[in-house]
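In what follows, a structure is listed as structure tokens, so that the remarks can point back to it.
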Amino acid sequence: MVPGKPSLLSTLEKALGITPWSTLDLSLEQRRKLILLIDELIRWNKTFSFTSLTQPRDLVEVFILDSLAPLALGIPLASPLLDAGCGPGFPSLPLKIAYPNLKVVAVDSSRKKINFARHIVRLLKLKDYKPLQERLEDVAAKKETFSTVTARALTGGRDALELVASLVSSEGQALLYVGREWSPSLLPPSITLEEHHRYTLPFSGKVRGLVTAIRVV
200 MVPGKPSLLS
210 TLEKALGITP
220 WSTLDLSLEQ
230 RRKLILLIDE
240 LIRWNKTFSF
250 TSLTQPRDLV
260 EVFILDSLAP
270 LALGIPLASP
280 LLDAGCGPGF
290 PSLPLKIAYP
300 NLKVVAVDSS
310 RKKINFARHI
320 VRLLKLKDYK
330 PLQERLEDVA
340 AKKETFSTVT
350 ARALTGGRDA
360 LELVASLVSS
370 EGQALLYVGR
380 EWSPSLLPPS
390 ITLEEHHRYT
400 LPFSGKVRGL
410 VTAIRVV
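In this text, residue positions in the sequence shown follow the working numbering: the first is 200, and each later residue adds one.
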């Protein structure tokens with residue numbers, strides 16, 4: 200048994216009993232995969248320093264609960280989904296585990312982060328999940344569009360959001376993970392607000408938001 204796993208398991212089980220995450224219907228196998236994901240993140244983090252977080256409740260809250268917020272809040276996700284600036288695979292790895300039929304392309308410019316995502320894909324035998332080490336600008340230059348584009352840790356302000364907008368299909372949506380102080384004025388003219396959902400992370404009490412936006416065609 201991997202050290203720390205019992206604590207992670209109990210923390211995850213507690214977290215999934217809290218609204219809105221209590222609405223998720225996750226099988227034992229899906230929960231096992233979420234635990235393995237965090238276990239591997241902890242292991243790789245010792246070498247690659249993906250995060251400063253070390254406590255089970257912080258890891259579960261930030262990487263699992265926050266990632267799964269769209270499903271917990273009933274926000275529909277359509278394939279194909281692009282995870283823009285995915286880092287080591289968040290939110291798309293937890294979303295893929297919880298919603299196995301989702302087809303995902305996860306993009307980040309960091310080799311070590313994409314290598315972690317590739318490792319998880321192999322370890323958990325995830326199908327239709329493609330990690331790509333590319334700059335978002337290069338992805339946008341291909342003129343391919345996606346039904347859902349998530350952005351959770353994207354940097355670059357309005358310029359980055361302009362790229363996100365260009366990657367959303369005419370029938371699709373951008374799904375932006377935002378902080379408490381987020382304002383619609385931060386959106387570029389190329390996308391328009393649909394809804395702004397707010398939720399509170401249960402352990403830290405941090406207020407988070409999910410913004411759904413559509414492309415202005």
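Even for Gly, the Cβ is constructed at its ideal location relative to N, Cα and C. The structure presented is a predicted model; accordingly, all values stated were derived computationally and were not measured.
Taking the Cβ atoms as the reference, L215 lies roughly 7 Å from S221, within the contact range of under 8 Å. Of all C-beta pairs linking the region 245-255 to the region 265-275, fewer than three are shorter than 8 Å, placing the two stretches out of contact. Here D282 is buried. Its C-beta has 16 or more other C-beta atoms within 10 Å.
Under DSSP, E394 shares a beta bridge with T411. Under DSSP, no beta-bridge partner is assigned to L233. In this structure, the CA atom of A297 is about 10 Å from the CA atom of E228. DSSP places A277 in the coil class of the three-state scheme, outside both helix and strand.
At the C-beta level, H396 and L385 stay beyond 8 Å of one another. For T399, DSSP records a beta bridge to V406.
Between V338 and V367, the CB-CB gap reaches or exceeds 8 Å. With contacts defined by Cβ atoms closer than 8 Å, L280 and D238 do not form a contacting pair.
Put simply, of L362, A412, N244, L400 the residue whose alpha carbon is nearest the alpha carbon of K311 is N244. Sorting I274, L240, R334 by C-alpha distance to the C-alpha of L292 places L240 at the top.
Across the set Y398, T218, F247, I263, the C-alpha of I263 shows the shortest separation from the C-alpha of R231.
For G284, the closest alpha carbon among the candidates K302, L331, D257 is that of L331. Between the alpha carbons of R321 and V259 lies a distance of about 22 Å.
A straight-line Cα-Cα distance of about 16 Å links A412 and L353. Taking every protein chain shown into account, the CB of K342 has fewer than 16 other CB atoms within 10 angstroms, so this residue is exposed. P290 sits close to Y376, with the two beta carbons spaced by under 8 Å. Per DSSP, K329 is one residue of the beta strand (DSSP E) stretching across 328-332. Going by beta carbons, V416 and S369 fall inside the 8 Å limit.
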